[in-house]
Amino acid sequence: MMSALTIKNLHKSYSNGFTALKGIDLEVDEGDFFALLGPNGAGKSTAIGIITSLINKSGGSVSVFGHDLDKNPEAVKSCIGLVPQEFNFNQYEPVEEILVNQAGYQGVPRGEAFHRAEIYLKKTGLWDKRRVNARMLSGGMKRRMMIARALVHHPKLLILDEPTAGVDIENRHSMWAFLRKINESGTTIILTTHYLEEAESLCQKIAIIDQGKIIENATMSGLLHRLQRETFLFDLKDSISEAPQLEGYAVKWVDECTIEVEVSREQGVNLLFAALSLQGIEVLSMRNKQNRLEQLFVDLVQQNGEAE
Amino acid sequence: MSMSRYAIAYQTILTKEILRFSRIWIQTLIPPAITTTLYFLIFGQLIGSRIGQMDGLDYNQFIVPGLILMSVITNSYSNVVSSFFSCKYQRHIEELLISPVPNWIILAGYVSGGVARGVIVGIIVTLVAKFFADFTIHSYLLTVTVFILTSILFALCGFINAVYAKTFDDISIIPTFILTPLTYLGGIFYSIQLLPSFWQNLSLFNPVLYMINAFRYGVLGISDIDISTALMIIVSFIVALVLFSLYLLNRGIGIKQ
Chain A
7 MMSALTIKNL
17 HKSYSNGFTA
27 LKGIDLEVDE
37 GDFFALLGPN
47 GAGKSTAIGI
57 ITSLINKSGG
67 SVSVFGHDLD
77 KNPEAVKSCI
87 GLVPQEFNFN
97 QYEPVEEILV
107 NQAGYQGVPR
117 GEAFHRAEIY
127 LKKTGLWDKR
137 RVNARMLSGG
147 MKRRMMIARA
157 LVHHPKLLIL
167 DEPTAGVDIE
177 NRHSMWAFLR
187 KINESGTTII
197 LTTHYLEEAE
207 SLCQKIAIID
217 QGKIIENATM
227 SGLLHRLQRE
237 TFLFDLKDSI
247 SEAPQLEGYA
257 VKWVDECTIE
267 VEVSREQGVN
277 LLFAALSLQG
287 IEVLSMRNKQ
297 NRLEQLFVDL
307 VQQNGEAE
Chain B
40 MSMSRYAIAY
50 QTILTKEILR
60 FSRIWIQTLI
70 PPAITTTLYF
80 LIFGQLIGSR
90 IGQMDGLDYN
100 QFIVPGLILM
110 SVITNSYSNV
120 VSSFFSCKYQ
130 RHIEELLISP
140 VPNWIILAGY
150 VSGGVARGVI
160 VGIIVTLVAK
170 FFADFTIHSY
180 LLTVTVFILT
190 SILFALCGFI
200 NAVYAKTFDD
210 ISIIPTFILT
220 PLTYLGGIFY
230 SIQLLPSFWQ
240 NLSLFNPVLY
250 MINAFRYGVL
260 GISDIDISTA
270 LMIIVSFIVA
280 LVLFSLYLLN
290 RGIGIKQ
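Chains A and B are the protein sequences, given in the same order. Using the numbering used here, the letters of the first sequence correspond one by one to residues 7 to 314. Using the numbering used here, the letters of the second sequence correspond one by one to residues 40 to 296.
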């Protein structure tokens, strides 16, 4: 399988002395749906900025589908579509024109550019808004327009920097479905997001970046498998006044119909249900207190912070 | 990227630029026509009739080339400076930076946009001038050459200003404090032969003087300075500004972190 993105020993220091990247290595295979996660200021956007030529690197190398960014930047740029974190389009231009111009910058002839703009505006549900000035769109529509714009030249690698920030839940789910289809059609996707359930739901591989270094790089399933403990919330049929005593489990009373139980991987939930039944406690439903990836993410970042 | 794809990218930038100033034609194309009309009414008709002749021509005729070129200078400059700065300010410069468009195409596209506005405004002002003054073009080739070269030169100046600008104030400082004085002191309204020798010599350091005189020669057949010297100076400035603009773009100064 070909490598879609190879980053080696990437460094970035700004003129004010701040070092945003301290030598990161990363490999993304063709066809991956890859999550690049990290707390605010970890270096995600800097890394993306360097890959997309928006930021000059201080050291290291980047290659995209075998094209070296230093030796052949135009070939690299032809392979990449970017959906940035901030709105970066001319607010006073009509939606269709923004897409057609982007295609033109990529060397797509004007007639073909209009055809592609139609396809992607229809796919993102913005065809009716094609003559509207971009500033008149809602926040969610602007995000969808930026996705359409990033796809208009058929990039092999799509980079999404927090694409669903500020998007309502319904639109977010429809965007997830759209992105899955794009990935299934063969486009490699790199996603950064603060919604960890989004990364868990969409991505097969994950890297976590913190303080300018990659602190984790694994498959999603492999990483989640390392989760040692999970905290569940149980909704009970009958009310209780205090937390039940369950041997081997840390139980917390939340309210008269809810308890919180921490379960280790070895214990599993079957034994817990048995213990609850023995005490005559009937469970109506259960759910994770925290997203599983979120729990791991917080642990890993905390551990890295302590190590630093 | 092949040359045909470069051509598409260039055409895209140019089309975008032309559409931009055409959409706001009330702000971009009408004011020069009004300003020129006022200049002709006040300086040409009212004051000009008292001045009489200059370099053997009616004052009304004498100021025509200068007024046309002043509009070209101002509009070529302001088109590029405002467009490229707003591109930076709204961050849609990133659309170009992430695309496989070489820097020389970006520069050519923006400068051509400035030239396009300069040409359109120049034509409008020439038509206005025709109402007030009777003149025939002495040399079409020289007139068009100086017209285009001047437009390119000031579009390049606007581009460099926009690259360095961080605020909207920064894009008005140079036009107000440098461009306007140089243009007015470049001999639009007078022949430098009228000045005392010290001021005549000082005027020779003003590059706008060479453009206005070369253009005046093209239109009316009179000039205070040698035309080949003027053309050489204009071309030298253009070459220097192109190289400097490309240096700024290649280093990412003002546009990349």
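From the three backbone atoms N, C-alpha and C, an ideal C-beta is built for every residue, glycine too.
Asp209 (chain B): not part of any beta strand (DSSP E); member of the alpha helix (DSSP H) spanning Asp209 to Ile213, first to last residue. Taking C-beta atoms as the reference points, Leu132 (chain A) and Met151 (chain A) count as a pair closer than 7 Å. Looking at the DSSP output, Leu88 (chain A) sits in a beta bridge with A:Ile165. Against chain A, the CB of Gly291 (chain B) has a partner CB under 7 Å away; the residue lies at that interface. If you ignore the 5 residues before and after Leu290 (chain A), its C-beta comes within less than 7 Å of the C-beta of Asp241, Leu242 and Lys243, all in its own chain and listed in chain order. Apart from sequence neighbours up to five positions away, the residues of its chain that approach Leu188 (chain B) with a beta-carbon distance below 6 Å are Ile273, ordered along the chain. At a cut-off of 7 Å, the C-beta of Val140 (chain B) has a neighbouring C-beta in chain A. At a cut-off of 7 Å, the C-beta of Arg130 (chain B) has a neighbouring C-beta in chain A. When the beta-carbon positions are compared, Leu302 (chain A) and Glu266 (chain A) stay at least 7 Å from each other. Positions of the beta strand (DSSP E) runs, each at least 3 residues long and wholly inside the stretch 176 to 229 of chain B, cannot be given because no such run exists.
At a Cβ-Cβ threshold of 7 Å, Ile13 (chain A) and Leu43 (chain A) do not count as neighbours. With contacts defined by Cβ atoms closer than 7 Å, Pro169 (chain A) and Arg141 (chain A) do not form a contacting pair. A straight line joining the alpha-carbon of Ile175 (chain A) with that of Met181 (chain A) spans about 10 Å. Less than 7 Å divides the Cβ of Glu262 (chain A) from the Cβ of Ser245 (chain A). In this structure, Val164 (chain B) lies away from Asn114 (chain B), with their beta-carbon atoms at least 7 Å apart. Taking a C-beta distance under 7 Å as the contact criterion, Glu134 (chain B) and Gln108 (chain A) qualify as a contact pair. B:Ile251 is the residue among B:Ile292, B:Ile251 and B:Ile294 whose C-alpha sits nearest the C-alpha of Gly105 (chain B). Ile54 (chain A) sits in a helix when the DSSP states are folded into three classes. Thr51 (chain B) reaches chain A at Asn107, Gly110 and Tyr111, counting residues in chain order whose Cβ is nearer than 7 Å. Rounded to whole angstroms, the gap between the alpha carbons of Met292 (chain A) and Gln273 (chain A) is 16 Å. Residues of the stretch 195 to 221 of chain B with a C-beta atom less than 7 Å from some C-beta of chain A do not occur. In the DSSP annotation of this structure, the continuous segment of the alpha helix (DSSP H) that includes Gly228 (chain A) starts and ends at Met226 to His231. Taking C-beta separations shorter than 6 Å and ignoring five residues to either side along the sequence, the partners of Ser64 (chain A) in its chain run His17, Lys18 and Ser19, following chain order. Take Phe82 (chain B), set aside five residues on each side of it, and the residues of its chain with a beta-carbon closer than 7 Å to its own are Ile102 and Phe228, in chain order. By the C-beta density criterion, Tyr78 (chain B) is buried, having at least 16 other C-beta atoms within 10 angstroms. Counting only the Cα atoms, Leu285 (chain B) lies some 24 Å from Asn96 (chain A). Rounded to whole angstroms, the separation of the alpha carbons of Gly66 (chain A) and Thr222 (chain B) is 49 Å. Fewer than three pairs of CB atoms, one per stretch, sit closer than 8 Å, so the stretch 81 to 92 of chain A makes no contact with the stretch 120 to 132 of chain A.
For Arg178 (chain A), the enclosing alpha helix (DSSP H) starts and ends at Ile175 to Glu190. The alpha helix (DSSP H) runs of length 4 or more contained entirely in the stretch 194 to 269 of chain A are, from start to end of the chain, 202 to 208 and 226 to 231. Between Leu60 (chain A) and Leu136 (chain B), the C-beta gap is smaller than 7 Å, which places the two residues in contact. Interface flag for Ile165 (chain A) against chain B is unset, since no Cβ pair is found closer than 7 Å. Taking all protein chains in view, the Cβ of Ser191 (chain A) is surrounded by fewer than 16 other Cβ atoms within 10 Å, so the residue is classified as exposed. Chain B has no Cβ within less than 7 Å of the Cβ of Glu118 (chain A). With contacts defined by Cβ atoms closer than 7 Å, Ala26 (chain A) and Ala205 (chain A) do not form a contacting pair. Contact between Gly146 (chain A) and Val173 (chain A) is confirmed by a C-beta separation of about 5 Å, below the 8 Å threshold.
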